[in-house]
Structure formats: C-alpha cells, structure tokens
Amino acid sequence: MADFANPFGMNVNRKLTNEELAQAIRMDISGELEAIYLYDAHVQATDNKAAIKVLSDIRDEEKAHVGELMTLLRILDPKEAEFFISGEEEVKELMEELDKETAVNTPSSTIGSLIKED
Ligand SMILES: [Fe+2]
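Going by the UniProt record's numbering, 74 is the number at position 74 of the sequence shown; the sequence numbering is gapless.
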C-alpha cells in the first residue's frame, strides 16, 4: 500500500525561503528516486512486453526529473553544489587509481598472445 505524504504538510501561509525550498527539492528528489526504484522493480518482475516498454519509459522520465531537480538544487544552494563537485572529483581520482592498478595487474602480453597464427 502506498504511503502518500500529507499533501498539506509543506504548505505554509507565506513563500518559502530559498533554504526551505532547497529542503523541499531534496524531498522531491527522494520521491523521484523512489519512483525509479519502484518502476524498475516492476519492469524486472514481469515478462509482459507492453508493461516493460511503458514502465521503462516512465522510469527513464523520472531519471530526467532527478537531473532537473539536482540542477535546480545546485542553483538554490551553490555551497551544496561545491560538495557535489568535490564528490565527483573524489570518484574520478578513485577511478584513475583503479585504471592504474588494472594496468599494472594486466599483462600486455601472454604466452598465448606471442604465438603467431597463420
Ligand atoms: Fe517525476
């Protein structure tokens, strides 16, 4: 059974500050992520091709919504955007380390690769 949020929970008798709006957008992002998870679970749980086609399309639209909301959040909270960039850079560094480790552990030639085939 769905657990819908109180539709009036976020309503206030004034306009939201940018900080409050950023909080609301974070909640919206969590809703989009939950929707992606649910649609994908339903796609994985059926062999019905029509359902897979439609639900996959909706799931992917939700992914675009996450991107839109993340972009809006970066505008509303530039300091948070700096943390996002910092996290991206950390992962890139880890991937570079992984590439170097993989290159070290992967021999460029093997005995098999030295045998010439006619
Ligand atoms: Fe959405």
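From the three backbone atoms N, C-alpha and C, an ideal C-beta is built for every residue, glycine too.
Query, Result
"Counting along the chain, where does the alpha helix (DSSP H) carrying ASN105 start and finish?", "78–105"
"Between the beta-carbon of GLU80 and the beta-carbon of ALA22, is there less than 9 Å?", "yes"
"Could you check the C-alpha separation between GLU19 and ASN11 for me, to the nearest Å?", "15 Å"
"Return helix, strand or coil for LYS15, following the three-state DSSP convention.", "coil"
"From GLY87 to ILE52, what does the alpha carbon distance come to, in whole angstroms?", "34 Å"
"Let me have the residue list for ligand 1: C-beta closer than 7 Å to any non-hydrogen atom, ordered along the chain.", "GLU32, ALA35, GLU61, GLU62, HIS65"
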